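Mapping of the sequence shown onto the working numbering: residues 361 to 462, in sequence order.
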Amino acid sequence: MNKDRSARDRLGNIVKEGDSVRLLSLHWNGIRELPKREQHDLKTMIGEVYEVQEIDAHGNVWISKIWNRSSNGNESHSLALTSEEFERVDKTSYQGNQGDGR
Numbered sequence: 361m362n363k364d365r366s367a368r369d370r371l372g373n374i375v376k377e378g379d380s381v382r383l384l385s386l387h388w389n390g391i392r393e394l395p396k397r398e399q400h401d402l403k404t405m406i407g408e409v410y411e412v413q414e415i416d417a418h419g420n421v422w423i424s425k426i427w428n429r430s431s432n433g434n435e436s437h438s439l440a441l442t443s444e445e446f447e448r449v450d451k452t453s454y455q456g457n458q459g460d461g462r
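What follows is the structure, encoded as structure tokens:
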């Protein structure tokens with residue numbers, strides 16, 4: 361992790377680790393190769409707000425979500441997002457689903 365890194369969202373706003381972002385879409389073509397349950401899980405993440413966990417050397421913003429599968433324990437997905445897939449959200453102004461359990 362490099363806390364000095366930043367990225368830009370689809371509107372050009374600067375995003376840093378710890379900021380909140382709303383997932384707007386998934387452009388990853390590989391999603392179709394995943395099992396149907398995982399495809400469903402990833403699609404349910406769209407519209408939710410997540411804390412940026414990391415910004416990698418390529419400028420991708422990393423988020424994750426954990427699902428509690430009562431009989432099978434927990435499952436999680438981490439996603440690297442490109443600028444057009446998210447927008448920064450002011451932590452004090454958003455409402456609705458929070459995907460990361462905050």
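Glycine is no exception: its CB is placed at the ideal position from the N, C-alpha and C atoms. As the structure is a computational prediction, the values presented were derived from the model and not from experiment.
- For L402, the enclosing alpha helix (DSSP H) stretches over residues K396 to T404.
- For V375, the uninterrupted beta strand (DSSP E) segment begins and ends at I374 to K376.
- With contacts defined as CB atoms closer than 9 Å, V421 and A367 qualify as a contacting pair.
- Residues A367 of the same chain have their beta carbon placed closer than 7 Å to that of G419, with the five preceding and five following residues left out of the count.
- L441 and G407 do not touch by the CB rule: their CB atoms are close to 14 Å apart, not below 8 Å.
- Beta-bridge pairing by DSSP links G419 to no other residue.
- Nearest C-alpha to W388 among K451, S443 and T452: S443.
- Unbroken beta strand (DSSP E) stretches of 3 residues or longer found wholly inside the stretch 432-457: 433-441 and 446-449, given in chain order.
- Take N428, set aside five residues on each side of it, and the residues of its chain with a beta-carbon closer than 8 Å to its own are N434, in chain order.
- DSSP places R392 in the helix class (H, G or I) of the three-state scheme.
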